[in-house]
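What follows is a set of notes on a single structure, which appears directly below.
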């Protein structure tokens, strides 16, 4: 038995219109939507024809019919506008100090982009001969940037061509500079070398400020000694190090001698002060003793005289001494006359 909803084409006499569902009519897409979709696709395809984007690390030159109309530079770039006055072709060129999205006229406008980053230049190896006839192999290193893309495009065009121009001009000046230095100045006196390099960098930037580039840093990248000069350079450097070491030793000996002399002088000063102080104290003690003796003996002059005579006997006479003097000599008064008896005081009365 068949389902009523399913057409049964094999059954005779089955009504066809009752067994077949009606077909829905096809909806037509509006023409406007089709046109809008095509326009969107065309806009996406040809967007590069009327807009362009300058990234933060890019510079741009905008040309209309191959004539420069605008240059787009960094926000803080103040030198680009002043550089326009250095070339009559750029007198009326607009300088834009911002990056982002820009509009252009399709098909007649071209955009040339360059890097706004610092660019590195490393020279080829060149040989120099210092004033004292010592040879070295030298490479130069520089960091430079594009300050005005329009002037850069007119004067150089590419980074490779810029590096070649630096090779021909600045590098040649540095080689000439090193040739006029002594080898020890070139190798050890960095202050003299860096000052000379800085002067060369300043002069180069001033002479080429209308070309659209600026060199920020200039240094010697690599110094090597040719194999034929190894022995002579080693001997020279060894002699220089020995001279420096001898200078250090001489300075040390001088400091040592000055220290010893200072210490000896200080010790002698302390000793002299101590002797002086000792003599002063001894003098004061002797004076005080004399004063005590004087005060004591002034109370009994006869005893003082007797005491002094005993001291004289002690110093002049001993068991082996024989003297010949008159018996009336005062020196023998105590031997001749004797000593007066000591009066005693009766304490009972």
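Residue numbers (my numbering): -16 to 332. Note that beta-carbon positions come from the ideal geometry of N, C-alpha and C, so glycine has one too.
Could you give the C-beta distance for residue 136 and residue 82, rounded to a whole number, given that I count them as a contact under 8 Å?
On the chain shown, residue 136 is found 153 positions in, with the first residue counted as 1. On the chain shown, residue 82 is found 99 positions in, with the first residue counted as 1. Between residue 82 and residue 136 the Cβ distance is about 18 Å, and since that is not below 8 Å, they are no contact.
With a threshold of 16 other CB atoms inside 10 Å of the CB of residue 76, please say whether the residue is buried or exposed.
On the chain shown, residue 76 is found 93 positions in, with the first residue counted as 1. Burial call: buried.
Give me the DSSP bridge partner(s) of residue 54.
By one-based count along the chain shown, residue 54 stands at place 71. In the DSSP output, where bridge partners are listed per residue, residue 54 has 44, 78.
Rounded to whole angstroms, what's the CA-CA distance from residue 174 to residue 30? Just pull it up for me.
Residue numbering aside, residue 174 sits at position 191 when the chain shown is read from its first letter. Residue numbering aside, residue 30 sits at position 47 when the chain shown is read from its first letter. Their backbone Cα atoms lie some 56 Å apart in a straight line.
Quick check on the DSSP output: the beta strand (DSSP E) that includes residue 95 runs from which residue to which?
Numbered from its first residue, the chain shown carries residue 95 at position 112. Element bounds for residue 95: 92 to 98.
Quick one: what's got a C-beta closer than 8 Å to residue 209's C-beta in the same chain, skipping five residues either side?
Translated into the one-based positions of the chain shown, residue 209 becomes position 226. Around residue 209: 110, 118, 119, 120.
Figure out for me which residue from 168, 32, 132, 73 has the closest Cα to the Cα of residue 195.
Residue mapping note: residue 195 aligns to position 212 of the chain shown, counting from 1. The option with the nearest alpha carbon to residue 195 is 132.
Considering just the uninterrupted stretch of the beta strand (DSSP E) at residue 200, what are its terminal residues?
The count along the chain shown starts at 1 and reaches residue 200 at position 217. Note, residue 200: beta strand (DSSP E), 196 to 207.
Residue 88 by DSSP, collapsed to three states: which one?
As a working note, residue 88 is residue 105 in the chain shown. Three-state result, residue 88: coil.
Nearest by alpha-carbon distance to residue 68: which of 23, 134, 40 is it?
As a working mapping, residue 68 is identified with position 85 in the chain shown. Checking every option, the nearest Cα to that of residue 68 belongs to 134.
If you run the structure through DSSP and keep just helix, strand and coil, what is residue 139?
Taking the first residue of the chain shown as position 1, residue 139 is located at position 156. Residue 139 falls in the coil class under three-state DSSP.
Starting from the C-beta of residue 156, find all residues in its chain whose C-beta is less than 7 Å away, skip the five residues before and the five after it, and write them out in chain order.
The residue given as residue 156 occupies position 173 in the chain shown. Excluding sequence neighbours, residue 156 sits near 183.
Rank 115, 71, 141, 152 by C-alpha distance to the C-alpha of residue 123 and give the top, closest one.
By one-based count along the chain shown, residue 123 stands at place 140. When only C-alpha atoms are compared, the closest one is 152.
If distances are taken between C-alpha atoms only, which option among 260, 93, 204, 227 comes closest to residue 176?
Along the chain shown, read from residue 1 onward, the residue named residue 176 stands at position 193. Per the Cα distances, 204.
How far does the alpha helix (DSSP H) with residue 192 in it extend, from its first residue to its last?
In the chain shown, the residue the question calls residue 192 occupies position 209. Segment: none, residue 192 is in no alpha helix (DSSP H) and carries neither H nor E.
Among 185, 179, 163, which residue has its Cα nearest to the Cα of residue 114?
Here residue 114 refers to the residue found at position 131 of the chain shown. Closest by alpha carbon: 163.
Could you tell me the boundaries of the beta strand (DSSP E) in which residue 14 lies?
Taking the chain shown and counting its residues from 1, the one referred to as residue 14 is at position 31. First-last for residue 14: 14 to 28, but that is the alpha helix (DSSP H), not the beta strand (DSSP E).
Which same chain residues, not among the five before or five after residue 40, have their C-beta less than 8 Å away from its C-beta?
Along the chain shown, one-based indexing puts residue 40 at 57. Correct list, in chain order: 98, 99, 100.
How many Å lie between residue 242 and residue 236 at the Cα?
In the chain shown, residue 242 corresponds to position 259, counting from 1. In the chain shown, residue 236 corresponds to position 253, counting from 1. Distance between the alpha carbons of residue 242 and residue 236: 10 Å.
Apart from the five residues just before and just after residue 200, which ones in its own chain have a Cβ nearer than 6 Å to its Cβ?
One-based indexing of the chain shown puts residue 200 at position 217. Excluding sequence neighbours, residue 200 sits near 126.
Just to confirm the assignment: which complete alpha helix (DSSP H) runs, minimum length 4, are found wholly within the stretch 217 to 299?
Runs of the alpha helix (DSSP H) inside the stretch 217 to 299: 284 to 299.
The beta strand (DSSP E) that contains residue 128, what's its start and end?
Position 145 of the chain shown holds residue 128. Residues 118 to 129.
Assuming contact is defined by CB atoms lying nearer than 8 Å, are residue 92 and residue 45 in contact in what I supplied?
For the purposes of this step, residue 92 is taken as residue 109 along the chain shown, with counting starting at 1. For the purposes of this step, residue 45 is taken as residue 62 along the chain shown, with counting starting at 1. Closer than 8 Å, so yes.
For residue 146, count neighbouring C-beta atoms within 10 Å of its own C-beta (all shown protein chains included) and say buried if the count is 16 or more, exposed if not.
On the chain shown, residue 146 is found 163 positions in, with the first residue counted as 1. Buried, because 16 or more other Cβ atoms sit within 10 Å of the Cβ of residue 146.
Would DSSP call residue 312 helix, strand or coil?
Against the chain shown, residue 312 aligns to sequence position 329. If DSSP states are grouped into helix, strand and coil, residue 312 belongs with coil.
Using beta-carbon positions only, say whether residue 334 and residue 149 come within less than 8 Å of one another.
The structure shown does not extend to residue 334, since the chain is modelled only from -16 to 332, so the question has no answer here.
What are the partner residues of residue 33, as DSSP defines its beta bridges?
Translated into positions along the chain shown, residue 33 becomes position 50. Note: residue 33 sits in no beta bridge, so no partner.
Taking the straight line between their C-alpha atoms, what separation do you get for residue 322 and residue 274?
Translated into the one-based positions of the chain shown, residue 322 becomes position 339. Translated into the one-based positions of the chain shown, residue 274 becomes position 291. The predicted position of residue 322 is uncertain, since its pLDDT is 49 and thus under 50; a value taken from the coordinates is nonetheless stated next. Straight-line Cα distance between these residues: approximately 27 Å.
Would you report the Cα separation of residue 159 and residue 165, rounded to the nearest angstrom?
Along the chain shown, read from residue 1 onward, the residue named residue 159 stands at position 176. Along the chain shown, read from residue 1 onward, the residue named residue 165 stands at position 182. Roughly 13 Å separates the two Cα atoms.
What did DSSP end up calling residue 306 once you bin it into helix, strand or coil?
As a working mapping, residue 306 is identified with position 323 in the chain shown. The answer is coil: DSSP assigns residue 306 none of H, G, I, E or B.
Just the C-alpha distance for residue 281 and residue 288, rounded to the nearest angstrom, thanks.
For the purposes of this step, residue 281 is taken as residue 298 along the chain shown, with counting starting at 1. For the purposes of this step, residue 288 is taken as residue 305 along the chain shown, with counting starting at 1. If you take the alpha carbons of residue 281 and residue 288, they lie about 10 Å apart.
Just verifying my parser: in three-state terms, what is the DSSP assignment at residue 185?
The sequence position of residue 185 within the chain shown is 202, counting from 1. Looking at residue 185 - three-state DSSP - the assignment turns out to be helix.
Beta carbon of residue 53, beta carbon of residue 24: below 8 Å?
On the chain shown, position 70 is the one that residue 53 refers to. On the chain shown, position 41 is the one that residue 24 refers to. No, these two residues do not count as a Cβ contact at 8 Å.
Which class does residue 171 belong to by DSSP, given the choice of helix, strand or coil?
For the purposes of this step, residue 171 is identified with residue 188 of the chain shown, where counting begins at 1. Correct three-state label for residue 171: coil.
Tell me whether the beta-carbon of residue 70 lies closer than 8 Å to the beta-carbon of residue 193.
As a working mapping, residue 70 is identified with position 87 in the chain shown. As a working mapping, residue 193 is identified with position 210 in the chain shown. Their beta carbons are under 8 Å apart, which means residue 70 touches residue 193 by this criterion.
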